Amino acid sequence: MISRLRWRYRRTTYLLRRVIGSVALRGMRGTWQRAAREFQRRPAVDTSLRLLPIAADTSGLALEPCSEPRVSVIIPVHGKLAYTVTCLRALMQCASAAAVETLVVDDASPDHSARVLADVPGLRLLVNRRNLGFVESCNAGAAAARGEFLLFLNNDTQVTPGWLDALLQCFVERADCGIAGSRLVYPDGRLQEAGALVFADGSCWTTGRFEPRDDPAFRYRREVDYVSGAALMIRKETFERVGGFDTHYAPAYYEDVDLGFAVRRLGLHVYYEPASTVVHCEGISAGTDLDRGMKQYQRPNQAKFVAKWQAELAAQPKVGTPLERAIRWRRRGRVLVVDAMTPEPTRDSGSVRMCALLELLDRQDWSTALLPDDGHASPQAIAALGALGCETLCRPTAPDLPRWLRRHGRELHAVILSRHTVAGQYLELVRRHAPQARLIFDTVDLHFLREARAAKLTSSASLARHAELSRRSELALIRQADVTFVVSPHEKTLLAELVPQARVEVLSNIHEVHGCRQPHAPRRDLVFIGGYGHPPNSDAMQWLAREIVPALRRAMPDIQLHVLGDVPDARQRELAVPGLQYHGRVAELTPWLDACLAALAPLRFGAGVKGKINTAMSYGVPVIATTIAVEGMQLTDEVDVLVADDAAAFVHAVQRLQDDETLWKRLSGNALENVRRHFSPAAADALLHQVLD
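For the sequence shown, counting from 1, position 280 maps to 432 in the numbering used here; every step adds exactly one.
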């Protein structure tokens with residue numbers, strides 16, 4: 153009776169501390185919402201996760217043997233055979249593209265786990281003669297592992313397709329990655345962990361617990377203090393450098409927190425990788441009672457952790473720091489980007505530039521969020537932005553921008569409003585709710601300049617009037633912004649005359665230099681990159697179909713021009729001529745640009761920098777373009793581009809490139825150098841530092 157009363161007292165005290173801590177972090181409203189989610193009645197298993205039934209039957213279970221693995225999956229077990237077998241079966245079904253070995257470390261299981269697992273084909277089994285606990289079992293598995301990477305995995309987990317490749321990709325894309333951890337999910341579908349925080353007193357906080365697992369707030373890769381040892385990847389060399397899991401925490405608890413701090417001491421970082429999803433039956437392997445079983449080591453090990461990392465803990469957020477701030481503790485500040493819609497690099501060059509911009513902001517240690525003005529973001533777009541370290545604010549989880557700014561405006565270091573249609577709506581709102589934030593107007597290109605040229609080409613009075621309205625609107629926004637981004641020196645010079653008091657900077661297209669990977673001899677045909685929805689492109693396609701391609705075919709009967717971009721079926725039928733092929737939006741441009749002789753850019757009006765030209769040049773593909781198309785791109789005719797302003801000139805330029813390998817190679821090399829000099833990430837990175845620092 154007395155022991156039960158003591159237990160009730162301890163439990164009540166523990167729950168009270170949780171509530172107090174939650175209120176400090178989330179506030180009363182956030183705590184109430186959190187409690188409602190925790191105790192919400194829902195099915196025990198989310199069927200969309202397609203979990204395997206828990207069973208000890210090993211029939212049909214066989215793992216791929218691997219003598220030279222890239223990854224060693226290490227699973228420490230102490231009984232619970234049915235969970236271990238199910239875990240292994242999930243691994244078998246969700247095979248990785250990488251070479252993998254699987255090691256089970258049986259920690260003197262009280263059941264017949266070792267005997268049963270010894271018969272599983274392809275499995276490496278290590279058996280401890282006595283019970284060593286989680287820490288020493290993991291270290292033993294790491295010592296026996298042969299892979300470049302170690303992946304520690306609890307036996308009460310089920311992995312999902314792509315889980316391991318996503319963790320490896322984090323290491324590929326983040327050179328400073330020391331540890332990558334999965335998104336942990338409960339069997340009922342709710343989020344269990346999206347990385348974790350450590351406060352100055354050594355206490356820990358699991359981020360995202362009981363939230364919807366697909367909430368965009370937890371779908372972006374970010375640096376965290378540590379990730380759970382339930383699904384943790386680390387290079388074997390790094391693990392050995394820090395001495396493995398510290399045995400002072402044996403048998404378990406705080407060893408994963410300690411490992412995160414040890415890796416950070418080496419100058420590396422710990423990342424939460426949301427693209428890797430692992431279902432974890434928390435409590436099966438260790439229980440949940442803090443006063444018995446493995447959980448009893450949690451509190452004493454916290455004291456050991458505090459004693460070891462006292463200096464580092466002084467730099468951690470204090471207890472009671474609001475959760476929104478604590479999550480971004482390692483970031484320099486928060487930057488909000490508002491665009492018309494979520495960027496899709498396969499759709500347009502503006503999206504390529506926006507994604508590159510977001511990636512640079514993340515690498516400069518800014519916490520970034522993108523809000524699409526149309527409110528929409530597909531799961532694929534959220535995942536793509538998440539890989540860039542960017543949170544997506546979209547329906548139905550995020551409010552509209554006015555409400556979002558009222559709540560978060562004071563947290564912002566800068567706001568980037570992309571395109572005049574967006575900036576015109578929200579500039580005054582940002583000034584009101586985020587007066588401390590640097591307001592940047594990203595023009596993408598000067599719309600009024602493009603519209604004025606279209607009006608002149610078509611002799612349209614109504615379009616000319618619209619262009620004048622756009623001019624007044626854009627110039628007013630430029631006057632009000634702290635900084636305005638344009639994409640070309642030509643536009644900067646123009647604005648220096650029209651708005652001399654404004655600060656205007658050139659942030660041009662941003663392209664990786666892919667390089668020329670095929671010589672001249674095997675190359676055939678031509679490409680045009682762009683969708684019909686952009687007016688300069690639709691005009692160019694009409695010119696191609698009616699004049700340029702027919703002229704090319706008369707001179708070169710076998711030549712083909714491949715259009716890569718969205719073109720409505722009706723327009724394809726209308727513009728169908730021999731030698732003109734429409735392929736729609738392609739997922740990957742590389743095969744086309746590695747095989748083509750040249751890229752065409754027959755634009756008769758437009759403004760800004762042309763992504764179709766940059767993209768082709770970044771692959772070393774010579775470009776034939778009009779004077780308007782190369783404007784402001786720092787290109788010189790006959791040096792790094794061929795300029796053609798009528799159909800006959802396009803035909804002559806194509807013939808020259810086909811017949812003159814020396815000319816082709818010169819243009820290819822100079823094109824690559826032009827992209828390196830003017831359109832590389834390094835150039836944009838320097839400007840962003842200048843503007844935001």
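The beta-carbon is built from N, C-alpha and C at its ideal position, and this holds for glycine as well.
Everything numeric in this text was worked out from a predicted model, so none of it was measured.
- Comparing alpha-carbon positions, the option among Pro474, Phe304, Gln694, Ala759 lying closest to valine 638 turns out to be Ala759.
- Runs of the beta strand (DSSP E) lying entirely within the segment 319 to 356, each at least 3 residues long, are 329 to 337, 343 to 345, 348 to 350 in chain order.
- Rounded to the nearest whole angstrom, the C-alpha separation of arginine 676 and leucine 794 is 18 Å.
- Under the Cβ criterion (8 Å, minimum of three pairs), the segment 328 to 339 does not count as touching the segment 260 to 272.
- Of the residues Glu626, His599, Thr636, the one whose Cα lies closest to the Cα of glycine 576 is Glu626.
- Between asparagine 822 and aspartate 792, the alpha-carbon positions lie close to 5 Å from each other.
- Residue range 383 to 387 is occupied by the beta strand (DSSP E) that includes methionine 385.
- A check of alpha carbon separations from serine 501 across Pro652, Ala768, His672, Glu649 identifies Ala768 as the nearest.
- Scanning its chain for C-beta atoms nearer than 6 Å, with the 5 sequence neighbours on each side dropped, one finds around histidine 230 the residues Asp259, Ser261, in chain order.
- When the Cα atoms are used, glutamine 454 and serine 519 turn out to be separated by approximately 29 Å.
- Within its own chain, the residues whose Cβ lies closer than 7 Å to the Cβ of cysteine 748, once the five positions on either side in sequence are excluded, are Arg675, Asp677, Leu678, Val679, Val773, listed in chain order.
- At the C-beta level, threonine 309 and valine 431 come within 9 Å of one another.
- Residue state for valine 574 is assigned as helix, using DSSP reduced to three classes.
- Inside the segment 761 to 798, DSSP marks whole alpha helix (DSSP H) runs of 4 or more residues at positions 763 to 770, 779 to 782, from first to last along the chain.
- Judged by DSSP in its simplified three-state form, proline 688 adopts helix.
- Between the alpha carbons of leucine 411 and phenylalanine 397 lies a distance of about 6 Å.
- For the pair of segments examined, the segment 511 to 530 was found not to touch the segment 311 to 318: the number of CB pairs separated by less than 8 Å stays below three.
- Going by DSSP, glutamate 407 is part of the alpha helix (DSSP H) stretching over 407 to 417.
- In this chain, the beta strand (DSSP E) harbouring valine 422 covers 421 to 432.
- Closest in alpha carbon position to glutamate 825, among Tyr338, Glu543, Glu664, is Glu664.
- Distance from the Cα of alanine 249 is smallest, within the candidate group Leu240, Leu269, Glu216, for Glu216.
- Under the three-state reduction of DSSP output, arginine 590 falls in the strand class.
- Valine 287 is positioned such that its CB atom lies closer than 9 Å to that of tyrosine 401.
- When Arg222, Ala753, Arg584, Glu699 are compared, the shortest CA-CA separation from asparagine 689 is found for Ala753.
- Non-local C-beta neighbours of valine 803 in its own chain, meaning closer than 7 Å and more than five positions away in sequence, comprise Ala703, Leu704, Ala707, ordered along the chain.
- Distances from the alpha-carbon of arginine 482 to those of His560, Val252, Ala467, Phe831 put Ala467 closest.
- About 19 Å separates the beta carbons of alanine 619 and threonine 636, which is beyond the 8 Å limit, so they are not a contact pair.
- Judged by DSSP in its simplified three-state form, isoleucine 227 adopts strand.
- Glycine 274 sits away from proline 221, with the two beta carbons spaced by 9 Å or more.
- The shortest CA-to-CA distance from alanine 673 to any of Gly682, Lys817, Thr778 is the one to Lys817.
- Residue Phe351 holds the alpha-carbon nearest to the alpha-carbon of leucine 475 among Tyr578, Glu580, Phe351, Ala382.
- Collapsing the DSSP output to three states places proline 641 in a helix.
- The straight-line gap separating the alpha-carbon atoms of cysteine 290 and aspartate 552 is approximately 47 Å.
- The residue from Ala348, Tyr338, Trp357 with its alpha-carbon nearest to that of proline 364 is Tyr338.
- Out of Thr595, Gly731, Ala750, the CA that lies nearest to the CA of glutamine 670 is found in Ala750.
- By the CB criterion at 9 Å, tyrosine 771 and glycine 717 fall outside the cutoff.
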